[in-house]
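First the structure, in the form of structure tokens, and then the observations on it.
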Amino acid sequence: MGIKTLFPASSQKPRSQYSIANKVGPGKKTGFGPWSGSDLALLKDNFSISTWLLMGGAIQILLSFIFPRSYVAFPVLLILAWNIVDAFLMQFGLKRNVWAEGVIDGKWSVGYPSEGETEVVHGNPGDNGPRAVMILGARSNSPMGMFADGYKEVADRFRDMLVQLEDTREESGFMGMSTWINGGERSTGNELATISYWRSVEDIHNFALSPIHRDAWNWWNDTVSKHKHIGIMHEIFALPERQGWEGIYINYHPTGLGVTTRPVEASEKGGEKVWINPIVDASRGVYRTSRGRMSRGDPEGKSNDKVAKNPYSPVVYVN
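For our numbering, count along the sequence shown from 1 and bump the result up by 59.
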């Protein structure tokens, strides 16, 4: 007996979290004006809280020489008051909570249908998913942060490589990527990292030898002596068949494995290629426990019963 994925297969090629945050390709955007969501996150992290406050104070002082003090203070107080009121309206359900957009209520996990299947997972958890994970990291060790020489070049070349990966998912074996900022190791200018999921380690190596990556690699080797203030790293993890990974998410938006996809040819649609989203209900059955999700002998999902009750009802998507 199989378990149905929560979302139907899509005939349109999906985009990774990274591409959405960086305005790569069509569809939903994040950010403000020409700035992408990723740009804004880096910009906010590029300066300390004290620097942001001092810059705001300096702007207020300069404006006070042009306009009466009351005119300068009123917009600031009005915007602050509205932000506070807006937060309370959302908190008490009087306005749509934008912070909960895309969140899947309840407990969910990931499971990939077998080749030829589209929306029902019959195999064991861990089958048909990624076989490799790569973490890429970059940081600026300059007081100029993201504005240091060479940092934009690194970011632009990385973006160009991702555009190619997004466009060639079937051939490249790329399954999805998300972006993270180190959680406060430094007061500002923290490390930026991406986590990407791949069909195999061989696919990663093939991409590393492709022309677009070789060109970026050669540029780095030729200019690294000038860019000693820029640090880059990567780690690759090979995942064994079955028992190699699991994911559990509670009241969470799709992220990590939850935003990976895999193309299959749907037999019920005459061999049409569709993209499979792996999100499945984890409130019961084999996907309920860690042992079950890792195919380690808990098909009924009972191993948690002695330590905790099951408070989760079947998940419901929040629009």
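Cβ coordinates follow ideal geometry from the N, Cα and C atoms, glycine included.
Thinking C-alpha only, which one of THR110, ALA297 and GLU229 is nearest ALA191? Counting from one through the sequence shown, the residue named residue 191 turns up at place 132. The candidate whose alpha carbon is nearest that of ALA191 is ALA297.
Taking just the CA atoms, how far does ASN81 sit from LEU113? Mapped onto the sequence shown, residue 113 falls at position 54. Mapped onto the sequence shown, residue 81 falls at position 22. Rounded to the nearest angstrom, the two C-alpha atoms are 29 angstroms apart.
Which ranges would you report for the alpha helix (DSSP H) in the region 62-132 if only whole runs of at least 4 residues count? 76-80, 96-105 and 108-123
Taking DSSP's pairing of strands, which residues face SER173 in a bridge? As a working mapping, residue 173 is identified with position 114 in the sequence shown. SER173 pairs with nothing; no bridge assigned.
Have a look at ASN171 and LEU122 and give me their C-alpha separation to the nearest angstrom. For this step, residue 171 is matched to residue 112 along the sequence shown. For this step, residue 122 is matched to residue 63 along the sequence shown. Strictly speaking, residue 171 in this sequence is Tyr, with Asn absent from that position. Distance between the alpha carbons of TYR171 and LEU122: 58 angstroms.
Where do the N-terminal and C-terminal ends of the beta strand (DSSP E) with ASN310 fall, by residue? As a working mapping, residue 310 is identified with position 251 in the sequence shown. ASN310 -> beta strand (DSSP E) spans 307-311.
Using three-state DSSP, classify HIS293 as helix, strand or coil. Taking the first residue of the sequence shown as position 1, residue 293 is located at position 234. Three-state DSSP puts HIS293 in a strand.
Could you name each continuous alpha helix (DSSP H) segment of 4 residues or more that falls completely within the region 211-288, going from the start of the chain to the end? 228-231, 260-267 and 270-282
Rank ILE108, SER109 and GLY90 by C-alpha distance to the C-alpha of ALA100 and give the top, closest one. As a position in the sequence shown, residue 100 is number 41, starting the count at 1. Closest option to ALA100, Cα to Cα, is GLY90.
Euclidean distance between Cα positions of TRP239 and HIS288: Position 180 of the sequence shown holds residue 239. Position 229 of the sequence shown holds residue 288. The alpha-carbon atoms of TRP239 and HIS288 are separated by roughly 20 angstroms.
Rounding to the nearest angstrom, what Cα-Cα distance links PRO189 and ILE307 in this structure? Within the sequence shown, numbered from 1, the residue matching residue 189 stands at position 130. Within the sequence shown, numbered from 1, the residue matching residue 307 stands at position 248. Straight-line Cα distance between these residues: approximately 16 angstroms.
What is the C-beta distance between LEU316 and VAL169, in whole angstroms, given that I count them as a contact (C-beta under 8 angstroms)? What you label residue 316 is simply residue 257 of the sequence shown in a count that begins at 1. What you label residue 169 is simply residue 110 of the sequence shown in a count that begins at 1. Their Cβ separation, rounded to whole angstroms, is 5 angstroms, which keeps LEU316 and VAL169 in contact under 8 angstroms.
Roughly how many angstroms separate the alpha carbons of GLU160 and ASP281, rounded to a whole number? Residue 160 sits at position 101 when you count from the first residue of the sequence shown. Residue 281 sits at position 222 when you count from the first residue of the sequence shown. GLU160 and ASP281: Cα-Cα distance of roughly 44 angstroms.
Please list, in chain order, all residues of the same chain as LYS332 whose beta carbon is under 6 angstroms from its beta carbon, the five residues on each side excluded. Numbered from 1 along the sequence shown, position 273 holds the residue referred to as residue 332. So the qualifying residues of the chain are PRO322 and GLU324.
Give me whichever residues DSSP pairs with ILE194 in a beta bridge. Position 135 of the sequence shown, counted from the first residue, corresponds to residue 194. Partner(s): ILE254 and GLU294.
Can you tell me whether DSSP reads VAL25 as helix, strand or coil? Given a span of 60 to 378 for the chain in the structure shown, any question on residue 25 remains unanswerable.
Beta strand (DSSP E) runs contained entirely in the region 315-377, provided each spans 3 or more residues: 321-325, 331-335 and 338-340
Is it true that the CB of GLY175 sits closer than 8 angstroms to the CB of SER69? Looking up residue 69 in the sequence shown gives position 10. Looking up residue 175 in the sequence shown gives position 116. Going by C-beta atoms, SER69 is not nearer than 8 angstroms to GLY175.
Exposed or buried, which one is ARG150 when buried takes at least 16 other CB atoms within 10 Å? For the purposes of this step, residue 150 is identified with residue 91 of the sequence shown, where counting begins at 1. Contrary to the premise, residue 150 reads as Gln rather than Arg in this sequence. Counting Cβ neighbours within 10 Å, GLN150 comes out exposed, since fewer than 16 surround it.
By how many angstroms is the C-alpha of GLN119 removed from the C-alpha of ASN369? If you number the sequence shown from 1, residue 369 lands on position 310. If you number the sequence shown from 1, residue 119 lands on position 60. Taking the straight line joining both Cα atoms gives about 54 angstroms.
Keeping to the same chain, check which residues put their C-beta closer than 8 angstroms to that of ASN187; ignore five residues upstream and five downstream. The residue labelled residue 187 in the question sits at position 128 within the sequence shown. Within the same chain, ASN187 has close Cβ partners TYR171, PRO172, SER173, GLU174 and ARG321.
Looking at the structure shown, is ASP208 part of a helix, part of a strand, or coil, going by DSSP? Here residue 208 corresponds to residue number 149 of the sequence shown, with the count starting at 1. Coil, per DSSP.
Can you give me the Cβ contacts of ILE254 inside the same chain, cut-off strictly under 6 angstroms, excluding the 5 residues immediately before and after it? Numbered from its first residue, the sequence shown carries residue 254 at position 195. Cβ within range, chain order: ILE194 and SER237.
Report all residues from its chain with a CB closer than 7 angstroms to the CB of SER362; omit the five preceding and five following residues, and keep chain order. Indexing the sequence shown from 1 puts residue 362 at position 303. Within the same chain, SER362 has close Cβ partners THR348 and ARG350.
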